[in-house]
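Just so it is clear: in the sequence shown, position 95 is 116 by our numbering, and no numbers are missing.
The beta carbon of each residue, even a glycine, is placed where N, CA and C say it ideally should be.
Report on the structure given below.
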Amino acid sequence: MDVGVIGAGYVGLVTAVGLAAQGHRVRVGEADAERVAALQAGNVPFYEPGLAEVLNTVRGRGLVTFHASNRAPAEESAVVVLAVPTPPNGDGSADTSIVEAVSGEIAQYLRPDAVVVLKSTVPPGTTTRVEDVLRRYASTAAVVANPEFLREGSALEDFFAPSRIVLGSHDDAAIKVMLRLYSAFDVPVVTTDPVSAELIKYASNSYLATRISFANEMAALAEATGADIRAVMDGVGHDPRIGHDYLNPGPGFGGSCLPKDTRGLLATGARYGCDLPLVQAAVDVNSRQLAATVDKIRRAVGGDLRGKTVAVWGLAFKAGSDDVRESPAVALAEAVLAEGAEVVAHDPLAAPVNHGIRRVAAAIEAVKEADVLLVATKWPEFREVELGDVWHAMRGDAIVDARNWLDARLAAACGFAYYGIGGRIA
Ligand code: UGA
22 MDVGVIGAGY VGLVTAVGLA AQGHRVRVGE ADAERVAALQ AGNVPFYEPG
72 LAEVLNTVRG RGLVTFHASN RAPAEESAVV VLAVPTPPNG DGSADTSIVE
122 AVSGEIAQYL RPDAVVVLKS TVPPGTTTRV EDVLRRYAST AAVVANPEFL
172 REGSALEDFF APSRIVLGSH DDAAIKVMLR LYSAFDVPVV TTDPVSAELI
222 KYASNSYLAT RISFANEMAA LAEATGADIR AVMDGVGHDP RIGHDYLNPG
272 PGFGGSCLPK DTRGLLATGA RYGCDLPLVQ AAVDVNSRQL AATVDKIRRA
322 VGGDLRGKTV AVWGLAFKAG SDDVRESPAV ALAEAVLAEG AEVVAHDPLA
372 APVNHGIRRV AAAIEAVKEA DVLLVATKWP EFREVELGDV WHAMRGDAIV
422 DARNWLDARL AAACGFAYYG IGGRIA
């Protein structure tokens with residue numbers, strides 16, 4: 022099928038490359054001319070495992086092309102996927118103005134029977150607004166809400182093996198076209214109205230966030246009572262009604278989606294006069310978790326961070342990604358900087374961050390003369406560093422492991438004062 026994708030960001034590019042790998046002819050429209058040039062040369066502007074390789078295969082076969090104008094992607098395609106940003110407004114609601122502007126722009130080029138697919142995460146009602154915009158420009162194209170559930174770091178894997186496909190539209194013919202586009206997937210398809218499809222996305226991310234905050238809340242109670250959160254969550258997760266996923270305590274959820282979408286859902290609730298106390302609590306617990314972690318670092322150096330050196334392992338919002346958007350690791354580093362500490366950090370991939378944070382090329386280099394080591398991201402390489410070497414390199418003897426990532430017993434055996442999350446360990 023001929024497919025247009027508007028927006029070569031994270032979602033757009035993974036979708037375009039994935040569909041091309043399935044044999045569709047994909048034309049990508051992207052406003053950033055530099056990005057277009059990079060992609061035409063086969064360079065992916067962010068890190069995502071496997072993406073560059075698959076991109077180059079499909080480029081070689083002529084299945085994906087990149088365009089600085091949206092005209093060809095709109096004009097030549099049976100299906101046009103909108104994957105443009107929906108940045109947050111001041112009140113947390115998602116700004117859909119780019120979605121609407123692009124809809125107006127492509128309306129003049131769309132085929133009469135085209136299907137416009139809304140993949141950007143949008144508040145309920147946006148699909149209908151896109152439809153209104155198209156009609157205003159006399160386009161007869163149908164619109165389908167089709168949220169994505171890709172995780173950074175495993176986005177291609179998630180593309181090829183999705184848990185489900187969600188299609189929201191009142192137009193049966195458009196749904197049929199989408200089923201044809203996705204015929205290679207043998208997964209449950211939820212076909213519904215546009216508003217429900219839009220809400221499925223917000224509800225999914227907010228539920229994941231709620232589970233993480235629940236785990237973090239239990240971690241605080243485990244610390245207070247002398248329990249070990251890892252055993253607690255393991256015991257809880259074996260209940261098949263609950264499961265183990267998204268119950269790992271940490272420094273709080275971050276990234277470009279969970280924080281933004283929980284706030285987006287709260288703003289939607291406020292707009293409709295509907296209180297969402299659970300989602301609000303998930304957001305509040307998340308802020309508290311960050312503050313509690315800073316408190317732990319402060320206590321680990323004797324109560325005052327002024328003049329102390331904090332080594333930070335990990336800056337990305339999670340391992341397997343270079344993304345530092347709303348990264349708890351960066352927020353922690355910035356918080357201790359603000360209290361007068363010096364921060365020396367190592368991350369194998371993270372994009373550039375706050376200039377106050379001194380980046381070094383190796384994990385062991387970061388800990389030299391440090392008073393405390395903060396483990397903020399679960400990069401596998403951190404587990405390979407000899408803790409004995411870390412002990413010798415550091416000035417202090419404290420490790421705050423905000424991810425329960427290192428071997429706590431070994432750390433204690435080496436002489437470290439080890440502070441995990443929700444732990445009785447050491
Ligand atoms: C999330 C969702 O998982 C995807 O399904 C969704 O498509 C995506 O947002 C999106 O809306 O685009 P992502 O932001 O890539 O994906 O990250 P996750 O792997 O879900 O992690 C989010 C945050 O939660 C990270 O900071 C992670 O460290 C934290 N987390 C996750 C925990 O603290 N504990 C856990 O048990 C799991």
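Thinking C-alpha only, which one of the options is nearest residue i?
i, options, result
"valine 351", "Gly328, Arg232, Val411 and Val315", "Val315"
"alanine 419", "Glu386, Val333, Val216 and His367", "Val333"
"glutamate 360", "Gly335, Ala312 and Pro369", "Ala312"
"proline 168", "Lys140, Ser184 and Phe181", "Lys140"
"aspartate 23", "Pro349, Leu297, Pro94 and Gly271", "Pro94"
"glycine 63", "Asn226, Ala432, Glu173 and Leu76", "Leu76"
"valine 393", "Ala414, Asn425, Thr330 and Leu427", "Thr330"
"proline 369", "His259, Lys339 and Pro272", "Lys339"
"proline 106", "Arg156, Val57, Ala218 and Ala52", "Ala52"
"glycine 50", "Gly81, Glu97 and Arg82", "Glu97"
"asparagine 6", "Asp207, Leu72 and Arg48", "Residue 6 falls outside the range modelled here, since the chain spans only 22 to 447, and no answer is possible."
"glycine 273", "Leu299, Val304 and Arg292", "Val304"
Could you pull the start and end residues of the alpha helix (DSSP H) that residue i belongs to?
i, result
"phenylalanine 180", "176-181"
"histidine 413", "408-414"
"alanine 194", "193-202"
"isoleucine 127", "118-128"
"glycine 189", "First-last for glycine 189: 186-189, but that is the beta strand (DSSP E), not the alpha helix (DSSP H)."
If the criterion is Cβ atoms closer than 7 Å, does the pair residue i and residue j meet it?
i, j, result
"leucine 103", "valine 120", "yes"
"alanine 243", "isoleucine 233", "no"
"valine 374", "isoleucine 318", "no"
"valine 136", "glycine 25", "no"
"valine 208", "proline 183", "yes"
"isoleucine 186", "tyrosine 203", "yes"
"valine 35", "leucine 171", "yes"
"leucine 431", "leucine 395", "no"
"alanine 41", "leucine 72", "no"
Could you tell me the boundaries of the beta strand (DSSP E) in which residue i lies?
i, result
"threonine 86", "85-88"
"tyrosine 31", "Tyrosine 31 -> not in any beta strand (DSSP E); alpha helix (DSSP H) instead, spanning 31-42."
"threonine 212", "210-213"
"arginine 284", "That residue, arginine 284, is in no beta strand (DSSP E); its alpha helix (DSSP H) goes 279-292."
"valine 449", "For residue 449 there is no data in the structure shown, the boundaries of the chain being 22 and 447."
"threonine 314", "Premise fails: threonine 314 lies in the alpha helix (DSSP H), 298-321, not in any beta strand (DSSP E)."
"arginine 48", "46-50"
"glycine 25", "23-27"
Using only the heavy atoms of the ligand UGA, determine whether one of them is closer than 6 Å to the beta carbon of residue i.
i, result
"leucine 34", "no"
"asparagine 19", "Residue 19 lies beyond the residue range present for the chain, which begins at 22 and ends at 447; the question has no answer from this structure."
"lysine 339", "yes"
"leucine 171", "yes"
"isoleucine 263", "no"
"phenylalanine 274", "yes"
"asparagine 425", "no"
"isoleucine 250", "no"
"asparagine 375", "no"
"cysteine 522", "Past the boundaries of the shown model lies residue 522; the chain is included only from 22 to 447, so the question cannot be answered."
"asparagine 167", "no"
"tyrosine 68", "no"
"leucine 155", "no"
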